[in-house]
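Chemist:
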Amino acid sequence: MNLDFTPIIAKRRVRFVDLEKSITDPSLFDDAKKAREVLKEHSRVKELLSTWDELEGCRRQLIENEELAKGSDAEMAELAKAEIEEINARIPKLEQAVLMTLLPPQPDDDRDAIVEIRAGAGGSEAAIFAGDLYRMYTRYAEANGLRTEMLEASPNDAGGFKEVIFQVFGDDVFRRLRYESGVHRVQRVPATEAQGRIHTSTATVAVLPEAEEVDVELRPQDLRIEVCRAGGPGGQGVNTTDSAVQVMHIPTGKIVRCQDGRSQQKNKEKALTILRSRLLEEKREEEAQKYAAHRKSQIGSGGREEKIRTYNFPQNRLTDHRIGLTLYNLDRVMEGEITDLIAAIEAADTQDRMEQSASEGN
Numbered sequence: 004m005n006l007d008f009t010p011i012i013a014k015r016r017v018r019f020v021d022l023e024k025s026i027t028d029p030s031l032f033d034d035a036k037k038a039r040e041v042l043k044e045h046s047r048v049k050e051l052l053s054t055w056d057e058l059e060g061c062r063r064q065l066i067e068n069e070e071l072a073k074g075s076d077a078e079m080a081e082l083a084k085a086e087i088e089e090i091n092a093r094i095p096k097l098e099q100a101v102l103m104t105l106l107p108p109q110p111d112d113d114r115d116a117i118v119e120i121r122a123g124a125g126g127s128e129a130a131i132f133a134g135d136l137y138r139m140y141t142r143y144a145e146a147n148g149l150r151t152e153m154l155e156a157s158p159n160d161a162g163g164f165k166e167v168i169f170q171v172f173g174d175d176v177f178r179r180l181r182y183e184s185g186v187h188r189v190q191r192v193p194a195t196e197a198q199g200r201i202h203t204s205t206a207t208v209a210v211l212p213e214a215e216e217v218d219v220e221l222r223p224q225d226l227r228i229e230v231c232r233a234g235g236p237g238g239q240g241v242n243t244t245d246s247a248v249q250v251m252h253i254p255t256g257k258i259v260r261c262q263d264g265r266s267q268q269k270n271k272e273k274a275l276t277i278l279r280s281r282l283l284e285e286k287r288e289e290e291a292q293k294y295a296a297h298r299k300s301q302i303g304s305g306g307r308e309e310k311i312r313t314y315n316f317p318q319n320r321l322t323d324h325r326i327g328l329t330l331y332n333l334d335r336v337m338e339g340e341i342t343d344l345i346a347a348i349e350a351a352d353t354q355d356r357m358e359q360s361a362s363e364g365n
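When we follow our numbering, the leftmost residue of the sequence shown carries the number 4, and every step to the right adds one.
1. With 16 other CB atoms within 10 Å as the buried threshold, where does Lys37 fall?
2. Please go through the same chain and pick out, in chain order, the residues whose beta-carbon is closer than 7 Å to the beta-carbon of Glu57, but skip the five residues on each side of it.
3. Is it true that the CB of Lys271 sits closer than 8 Å to the CB of Ile228?
4. Whole angstroms are fine: how far does the CA of Ile345 sit from the CA of Leu328?
5. Would you check if there are 3 or more beta carbon pairs closer than 8 Å linking the segment 338-357 to the segment 160-172?
6. With distances taken from CA atoms, which of Glu78, Val192 and Ile11 is nearest Asn315?
7. Just confirm the distance between the C-beta atoms of Phe172 and Leu149, as a whole number of angstroms; I'd bet it's less than 8 Å.
8. CB Ser53 to CB Phe132, shorter than 8 Å?
9. For Val171, does the three-state DSSP call read helix, strand or coil?
10. Among the residues of its own chain, which have a CB less than 7 Å from the CB of Arg179, if the five just before and after it don't count?
11. Spatial neighbours of His45 within its chain, please: CB distance less than 7 Å, with the 5 preceding and 5 following residues excluded, ordered by chain position.
12. To the nearest angstrom, how far is the alpha carbon of Gly256 from that of Leu278?
13. Excluding the five sequence neighbours on either side, which residues of its own chain have a C-beta within less than 6 Å of the C-beta of Arg260, listed in chain order?
14. According to DSSP, simplified to helix, strand and coil, what is Ser204?
15. What is the rounded straight-line gap between the Cα of Arg181 and the Cα of Thr141?
16. Answer yes if the segment 61-74 comes into contact with the segment 83-94, meaning at least three C-beta pairs across the two stretches below 8 Å, and no otherwise.
17. Mind checking whether the beta-carbon of Ser25 lies closer than 7 Å to any heavy atom of the ligand NAD?
18. Less than 8 Å between the C-beta atoms of Glu213 and Ile117, yes or no?
19. Flag this pair as yes or no: are the beta carbons of Asp343 and Asn319 separated by less than 8 Å?
20. At the level of alpha carbons, what is the spacing between Ser304 and Asn147?
21. If contacts are defined as beta-carbon pairs under 8 Å, then Ser246 and Gln262 qualify, I think. What distance do you get, rounded to the angstrom?
22. Cα separation between Leu321 and Leu275?
23. List the whole-angstrom C-beta distance separating Glu41 from Gly123, where the pair is believed to meet the contact cut-off of C-beta under 8 Å.
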């Protein structure tokens, strides 16, 4: 590690003492939001100091072992040399862990997420692919102890979705799914293709952090809420009740329509949840664009126009174009086994952030 982080660590130790006092003060929990922020910072600083102390211990041990390796006791020297190899392998990992912990946390990492999937180019095949992606994400959620709730869906006749919007609840959901935003491209032979030709279709995925009411204020005078009869598939109850709700945000012109549930109130709540998250996303994107101008790459930009991944079914191949990763287990990926894929993308983005932070001397 070329940078001297000792002064930063000294400041963190002082801050940790203050945080320790704060979390023992019962009045802290009168403000739930502030309490969450303080507890998260306490955990982050504690982890940093623990890793730093382990790193410093390894460095001291390395110096001691190097001295022993030069000594006259051959057996002790041999043991010291073996330990030197282990320590030299351990130190870079600890240095990287320190730098990663010093990086400012990504915004909204610990929030739940709203995932919007829309069929792109390719007609019915694009809608089927949108349905496949929905199934992939819900399978991933089930396997990782996360909960999902459908917010809105527009099925098509082929069994897929023109659009499907759902919410994912659990620990660090947005951190896990944030890199899925973008254009997903599929290459395969559709079931309706008589001559076996490979077709290319697309679907777009947008992952939004769930917005809280304190993040985005929705003033009644800025909303136009209309109630109408739900239409399309969904069962007799949905089709015969005036349960569909359409909410228009007058200042931005954004419109959200929900008809998936039978309850008018439930559909209104879902529509407002989606609207808040879209408005928060818009605000975050403006901030991200300013930040991205200083970055070498934009792995985490999540632009909806950005083709991020190709799913090639004939070759059982998946390629993530942002990090140049190719896997030949597409069949397992479509069953929701995307943990390793997400980890690889997150690692690449973290490395990029670490290099940027080091170059700026943060």
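Glycine included, every Cβ here is placed at the ideal spot set by N, Cα and C.
Modeler: This is what the structure gives:
1. Burial call: exposed.
2. Contacts found: Leu97.
3. Contact: yes.
4. The alpha-carbon separation between Leu328 and Ile345 amounts to approximately 11 Å.
5. Flag = no, the segment 338-357 and the segment 160-172 do not touch.
6. The shortest Cα separation from Asn315 among Glu78, Val192 and Ile11 belongs to Val192.
7. Phe172 to Leu149, Cβ: 7 Å. Contact.
8. Not in contact: Ser53 and Phe132 (Cβ atoms no closer than 8 Å).
9. DSSP places Val171 within a strand segment (E or B) once states are collapsed to three.
10. So the list reads Ile345, once near-sequence residues are dropped.
11. Excluding positions up to five away in sequence, the list reads Leu22 and Ile26.
12. Spanning the two alpha carbons is a distance of roughly 11 Å.
13. Gln249.
14. Three-state result, Ser204: strand.
15. For Arg181 and Thr141, the distance between alpha carbons rounds to 15 Å.
16. Result yes; three or more Cβ-Cβ pairs closer than 8 Å.
17. Within the structure as shown, the ligand NAD is missing, as the structure has no ligands at all.
18. The Cβ atoms of Glu213 and Ile117 sit closer than 8 Å to each other.
19. For Asp343 and Asn319, no; Cβs fall outside 8 Å.
20. Caution is warranted here: a pLDDT of 42 is assigned to Ser304, below 50, making its placement in the model unreliable, and no coordinate value can be reported.
21. In this structure Ser246 touches Gln262 by the C-beta definition: roughly 6 Å separates them, less than 8 Å.
22. Just so you know, the alpha carbons of Leu321 and Leu275 end up roughly 36 Å apart.
23. Inspection of the sequence shows that residue 41 is occupied by Val rather than by Glu. In fact, because the Cβ distance is near 43 Å, the residues do not count as touching under 8 Å.
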